[in-house]
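J.: The structure's right below; bear with me while I get my questions together.
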């Protein structure tokens, strides 16, 4: 299979799964294994195409990002989502991620750990759906600073590959009293700065594997991920109004079973 076709397939998988609560990491590892696309170049490629998915959310929500910059200092009861909400949601994962970055990359990026994350994340999503907490934030603009920070704490679970950033934060938001839709939209907003920072850090650490010869491969994957992610984000926000979170959890369990069969049987 040609490198360009592999890049397109991997880009599509990344774009479809990055913002769904199904673990893009799990899908990327499984897809790469099936395509025989593994090694250091493949890992660097996965970092590059993640940037394409991040850019898709920025393009879709750029007006919202600009609006968040209009924050009134001292007005702690601000009811419109602003940059303080984003900063509070980012803080826990940034601190823990920077402190444990090397350990996570060394010991947690493997099939076995992804399997654990897929199953554990699915269980969390079912628990969040069944909790039936009183909803105090119907929309993203209703989310309080306390809820934003709490969502950030749950986002730390996504540092374990397979847990899923969106799965962790949406579940956390629901357990803290936000609606499923509000948590999903807030997840997309928070994902941009934290994923962008994480991608730049990973690219810097993997810079020795970047080469001019691979530019066609990387650009093709990035563009594919960008286009598909734009479609996926808009579609997911519409589906989240109707689909139960548990449906995604059951899908994760099926994916875990496929993982076991393909990788270990």
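Numbering (the working numbering), first residue to last: 123 to 387.
Note that beta-carbon positions come from the ideal geometry of N, C-alpha and C, so glycine has one too.
Because the structure is a prediction, the values reported are computed rather than measured.
#1: Count the other C-beta atoms from every protein chain shown that fall within 10 angstroms of the C-beta of residue 440, then say buried if there are 16 or more, exposed otherwise.
#2: To the nearest whole angstrom, what separates the beta carbons of residue 385 and residue 155, a pair I think is in contact under 8 Å?
#3: Use the C-beta contact count for residue 253: other C-beta atoms within 10 angstroms, 16 or more gives buried, fewer gives exposed.
#4: Rounded to whole angstroms, what's the CA-CA distance from residue 136 to residue 288? Just pull it up for me.
#5: Name, in chain order, the residues that DSSP records as bridge partners for residue 259.
#6: Return the chain-ordered ranges of every alpha helix (DSSP H) run that is complete within the segment 147–234 and spans a minimum of 4 residues.
#7: What's the gap between the Cα of residue 364 and the Cα of residue 329?
#8: Can you tell me where the alpha helix (DSSP H) with residue 337 in it begins and where it stops?
#9: Please look up how many angstroms separate the CB atoms of residue 339 and residue 129, rounded, as I've assumed it's under 8 Å.
#10: Do residue 362 and residue 306 have their CB atoms nearer than 7 Å?
#11: From residue 150 to residue 165, what does the alpha carbon distance come to, in whole angstroms?
#12: So residue 267 is in the alpha helix (DSSP H); what residue range does that whole segment cover?
#13: Under 8 Å by Cβ, that's how I've got residue 290 and residue 276 pegged, so tell me the actual separation to the nearest angstrom.
#14: Please state if the CB of residue 368 and the CB of residue 248 are separated by a distance shorter than 7 Å.
#15: Looking at the structure shown, is residue 332 part of a helix, part of a strand, or coil, going by DSSP?
#16: With a threshold of 16 other CB atoms inside 10 Å of the CB of residue 379, please say whether the residue is buried or exposed.
#17: Considering just the uninterrupted stretch of the alpha helix (DSSP H) at residue 141, what are its terminal residues?
#18: Could you compute how far the alpha carbon of residue 423 sits from the alpha carbon of residue 239?
#19: Between which two residues does the alpha helix (DSSP H) carrying residue 254 extend?
#20: For the alpha helix (DSSP H) that residue 386 lies in, which residues bound it at each end?
#21: Of the residues 281, 342, 232, 161, which one's Cα is nearest the Cα of residue 134?
#22: For residue 335, count neighbouring Cβ atoms within 10 angstroms of its own Cβ and tell me buried if that reaches 16, exposed if not.
#23: Which of the three DSSP states is assigned to residue 286 in this structure?
#24: Among residues of its own chain, excluding the 5 on either side of residue 273, which ones have a beta-carbon nearer than 6 Å to its beta-carbon?
#25: With a 10 Å radius around its C-beta and 16 neighbouring C-beta atoms as the bar for buried, classify residue 374 as buried or exposed.
#26: Give a yes or no on whether the minimum CB-CB distance between residue 142 and chain C is below 7 Å.
#27: Taking the Cβ atom as the reference point for each residue, do residue 347 and residue 304 lie within a distance shorter than 7 Å?
T.: In terms of the structure at hand:
#1: There is no way to answer for residue 440, as the model of the chain reaches only from 123 to 387.
#2: Taking the chain shown and counting its residues from 1, the one referred to as residue 385 is at position 263. Taking the chain shown and counting its residues from 1, the one referred to as residue 155 is at position 33. Between residue 155 and residue 385 the Cβ distance is about 7 Å, and since that is below 8 Å, they are a contact.
#3: Walking along the chain shown from the start, residue 253 turns up at place 131. With fewer than 16 Cβ atoms within 10 Å of its Cβ, residue 253 is classed as exposed.
#4: Here residue 136 is taken as the residue at index 14 of the chain shown, counted from 1. Here residue 288 is taken as the residue at index 166 of the chain shown, counted from 1. Those two C-alpha atoms are separated by around 14 Å.
#5: Within the chain shown, the letter at position 137 stands for residue 259. 300.
#6: 162–190, 205–229
#7: By 1-based counting over the chain shown, the position of residue 364 is 242. By 1-based counting over the chain shown, the position of residue 329 is 207. When rounded, the distance between both Cα atoms is 43 Å.
#8: Here residue 337 is taken as the residue at index 215 of the chain shown, counted from 1. It spans 337–361 - the alpha helix (DSSP H) in which residue 337 sits, taken as one unbroken run.
#9: To locate residue 339, count along the chain shown from 1; it is residue 217. To locate residue 129, count along the chain shown from 1; it is residue 7. The pair is a contact, with the Cβ atoms about 5 Å apart (cut-off 8 Å).
#10: The sequence position of residue 362 within the chain shown is 240, counting from 1. The sequence position of residue 306 within the chain shown is 184, counting from 1. Yes, the pair counts as a contact, with Cβ atoms nearer than the cut-off.
#11: The residue given as residue 150 occupies position 28 in the chain shown. The residue given as residue 165 occupies position 43 in the chain shown. Our two residues, residue 150 and residue 165, have alpha carbons roughly 10 Å apart in a direct line.
#12: For the purposes of this step, residue 267 is identified with residue 145 of the chain shown, where counting begins at 1. Bounds of the alpha helix (DSSP H) holding residue 267 are 267–277.
#13: Stepping through the chain shown from its first residue, residue 290 is reached at position 168. Stepping through the chain shown from its first residue, residue 276 is reached at position 154. That pair is a contact at about 5 Å.
#14: Here residue 248 refers to the residue found at position 126 when the chain shown is read from its first residue. Here residue 368 refers to the residue found at position 246 when the chain shown is read from its first residue. For residue 248 and residue 368, yes; Cβs fall inside 7 Å.
#15: Here the question's residue 332 lines up with position 210 in the chain shown. Annotated three-state conformation of residue 332 is coil, per DSSP.
#16: Within the chain shown, the letter at position 257 stands for residue 379. Exposed, since its Cβ has fewer than 16 Cβ neighbours within 10 Å.
#17: As a first step, residue 141 is located in the chain shown; it is residue number 19 there, counting from the start. Note, residue 141: premise wrong, no alpha helix (DSSP H); not H, not E.
#18: Past the edges of the chain, shown from 123 to 387, lies residue 423, and the structure says nothing about it.
#19: Walking along the chain shown from the start, residue 254 turns up at place 132. Segment: none, residue 254 is in no alpha helix (DSSP H) and carries neither H nor E.
#20: For the purposes of this step, residue 386 is taken as residue 264 along the chain shown, with counting starting at 1. First-last of the alpha helix (DSSP H) with residue 386: 367–386.
#21: Stepping through the chain shown from its first residue, residue 134 is reached at position 12. Checking every option, the nearest Cα to that of residue 134 belongs to 342.
#22: Residue numbering aside, residue 335 sits at position 213 when the chain shown is read from its first letter. Label assigned to residue 335: exposed.
#23: Reading the chain shown from its first residue, position 164 is the one you call residue 286. Three-state result, residue 286: coil.
#24: Translated into positions along the chain shown, residue 273 becomes position 151. Once the five neighbours on either side are set aside, the close Cβ partners of residue 273 are 211, 291, 294, 295.
#25: The count along the chain shown starts at 1 and reaches residue 374 at position 252. Burial call: buried.
#26: In the structure shown, chain C cannot be found, because there is only a single protein chain.
#27: Locating residue 347 in the chain shown gives position 225, counting from the first residue. Locating residue 304 in the chain shown gives position 182, counting from the first residue. The answer is no: Cβ separation not under 7 Å.
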